[in-house]
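Chemist: Under this note's numbering, the first residue of the sequence shown is numbered 2, with each subsequent residue one higher. All C-beta atoms in this analysis are idealised placements derived from N, C-alpha and C, irrespective of residue type, glycine included.
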Amino acid sequence: MESTFHGVIAFALLSMMLIIGNVIRSKVTFIKNNVIPSSLIAGIVGLVLLNTGLLGDFTSDDFVPITFHFFTLSFMSLCLCGGIRKKKRPDSNPKDVVRGGMWLTSAWSLSLGLQGLTGIAVILVFNHFSGGEMSYFLGSIATHGFTQGPGQALTYGSIWEQQYGIVNAAQVGVIYASLGFVVAFLVGIPMAKHFLRKNLNTNKESKLDSHYVNGIFEHQSKPDSGKLVTHSANLDSLAYHIGLLGTAYVITYLWLHFIQGVVAGVDIFGIDFSVLFSFNMFFIHGFTTCLIMRTTMNKLGLCRTVDDETLKRITGSSVDFMVTGTIMSIKLSVLTALLVPILLVAVATSLVTTLICLLIGKYSGSLGPERTITAFGCCCGSTGTGLLLLRMLDSNFSTNVAKELAFFNVAIVIVNFPILMIFTPIAPSLSFSGYILLLSSGVIMSLICMALLGATSKKSTSINSEVIPNG
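1. Have a look at N34 and K28 and give me their C-alpha separation to the nearest angstrom.
2. Could you tell me whether the stretch 316-332 touches the stretch 64-78, using the rule of 3 or more Cβ pairs below 8 Å?
3. Roughly how many angstroms lie between the CA atoms of F274 and T231, to the nearest whole one?
4. Does I361 pass the burial test, meaning 16 or more other C-beta atoms within 10 Å, or should it be called exposed?
5. Determine the burial state of C304: buried for a count of at least 16 other Cβ atoms within 10 Å of its Cβ, exposed for fewer.
6. Can you tell me the Cα-Cα spacing of E405 and T5, whole angstroms?
7. For D308, which three-state DSSP category applies?
8. With a Cβ-Cβ cutoff of 9 Å, do W161 and F138 count as a contact?
9. Rounded to whole angstroms, what's the CA-CA distance from T60 to L51? Just pull it up for me.
10. Can you tell which of T354, G174 and N235 has the C-alpha that lies nearest to the C-alpha of Q116?
11. Tell me whether the beta-carbon of L336 lies closer than 9 Å to the beta-carbon of F127.
12. Quick check on D268: does DSSP put it in helix, strand or coil?
13. In angstroms, rounded to a whole number, what distance separates the CA positions of H212 and N281?
14. Under a three-way DSSP split, which group does N94 fall into?
15. Going by Cα to Cα distance, which pick from C82, N397, V9 and A11 is closest to T296?
16. Give me the Cα-Cα distance between V36 and V183, rounded to the nearest whole angstrom.
17. Report back the beta-carbon spacing between I124 and P342 to the nearest angstrom; my notes put them in contact at under 8 Å.
18. If you follow the alpha helix (DSSP H) that T289 is in, where does it begin and where does it stop?
19. Kindly indicate which residue of C291, K223 and S238 has the alpha-carbon position closest to the one of L229.
20. From what residue to what residue does the alpha helix (DSSP H) around K404 run?
21. According to DSSP, simplified to helix, strand and coil, what is S136?
22. Of the residues K363, L277, L454 and M17, which one's Cα is nearest the Cα of Q164?
23. Can the beta-carbon of I21 be found closer than 9 Å to that of I32?
24. Would you mind sorting G57 into buried or exposed? The rule is 16 or more other CB atoms within 10 Å of its CB.
25. Does DSSP classify S233 as helix, strand or coil?
26. To which residues of the same chain is A143 closer than 6 Å at the C-beta, ignoring the five residues directly before and after it?
27. Just reading off the alpha helix (DSSP H) that S351 is part of, what are its end residues?
28. In terms of alpha-carbon separation, which member of S159, A154, V173 and V98 lies closest to M135?
29. In its own chain, which residues sit with a C-beta less than 7 Å from the C-beta of A1, not counting the 5 before and 5 after it?
30. Measure the C-alpha to C-alpha separation of L245 and M294 and round it to an integer number of angstroms.
31. Which of the three DSSP states is assigned to V168 in this structure?
32. State the CB to CB distance for the pair L41 and V324, rounded to an integer number of angstroms; the pair is presumed to be in contact (CB under 8 Å).
33. Could you give the DSSP three-state label for D321: helix, strand or coil?
34. Could you check which residue in A185, I67 and V175 has the C-alpha nearest to that of L391?
35. Taking buried to mean at least 16 other C-beta atoms within 10 Å of its own C-beta, is F259 buried or exposed?
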């Protein structure tokens, strides 16, 4: 049985790093005051221990597959969750939520294109002055690390590396993703504090409680999380929900095995679209499987047998493991060899992202500061990062921005589906001009959407100002 322990202990090490990260977060004042999440601290600690040889014969390669599967699980469990309908607040206008959500969607979509173009430009300039021949895809993958996150960076990087020979694409992708989380907090937290000092946030009663700062609930104030849907004498409720995800995993696995034989060798305009059905794209096929499963269960009246809060805990846990695993997957040999171009791309990407988010805040009307900080977190880290930063300005989520973020989560998938799910996996097969056109199209559409949103916002404000004086 000894041979079976290596993978299990790799997972156990990830778990242990999370505990160490949590202890450091709760004890170190600087880290605690800057609300840096335990998963990020855990990944950094794990990376140091790995590269100093303190974790035995474990290497960064041991954590790549774990990271990939936790990313896939987080995607699938999120989709299997049907959502909880809450009572509408009397002061909440659905049209305002949609408009605000579209501002956030436009910011994310604009970031997706501009970060990619920025990365390409930096690498081309670097090659020109250094005489190097670094692939510009090692610059464009920054957008999948920053805007999308570690899971997509690893997924697309692996496809580019394995199918198209873009050396170190996966490694560089996870490095950008890790740097994105760091930037989200190093820049995002001071930005949020600046808005608070200037009294620019809408919720003037916003105050960070001790639980938020310490990262741990006191015994008397521990909130409930989830309800049992199966009797423990029959089947534990958590095991039941994991079983649902396992079922979706098996269905997706069988589907990919089947469809790969059907699409093998299929070329359209000389482009091999069979890549879209590789196991590296498991997450999107799993996403679809879970969507069909949940829709079917709802239609059959079986939604009562699923507890959304339990699924949210599985999603949140998967994200924590994914973030820690991403950082521990970094190979220092790749980082040191490409340190200068990676840092140049990361700095340029951070500046561009900051400008985009400030632009959104300036022109999106009221709640501009809240949208700025939320968009920045989403465009550098993840939706969870955006929500974490938003809480600094709106501690009890009394504004519409949290609802706008829920709309945004769905909208970004729909709006960017062709780019992300069809063309990005096969990007290296496109011509340089075709790839630039692809990224530019997203930028142009986002700018048009922002212009329309700005025009409708002004029109709405004008109408309201006329109605109010007339009673």
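Modeler: In terms of the structure at hand:
1. 10 Å
2. The stretch 316-332 makes contact with the stretch 64-78: 3 or more CB pairs, one atom from each, lie closer than 8 Å.
3. 43 Å
4. buried
5. exposed
6. 46 Å
7. Looking at D308 - three-state DSSP - the assignment turns out to be coil, as it is neither helix nor strand.
8. yes
9. 6 Å
10. T354
11. Contact check for L336 against F127 fails: the beta carbons are separated by 9 Å or more.
12. strand
13. 38 Å
14. coil
15. C82
16. 12 Å
17. 6 Å
18. F283 to K300
19. For L229, the nearest C-alpha among the options comes from S238.
20. Residue range V402 to F418 is occupied by the alpha helix (DSSP H) that includes K404.
21. coil
22. L277
23. With a cutoff of 9 Å on beta-carbon distance, I21 and I32 are scored as not near each other.
24. exposed
25. coil
26. Q116, G120, Y177, V346 and T350
27. Here the alpha helix (DSSP H) through S351 covers L340 to Y364.
28. V173
29. No answer is possible for residue 1: the residues shown for the chain start at 2 and end at 472.
30. 9 Å
31. coil
32. 6 Å
33. In the structure shown, D321 sits in a helix (DSSP, three-state: H, G or I).
34. For the set A185, I67 and V175, the Cα lying nearest the Cα of L391 is the one of A185.
35. exposed
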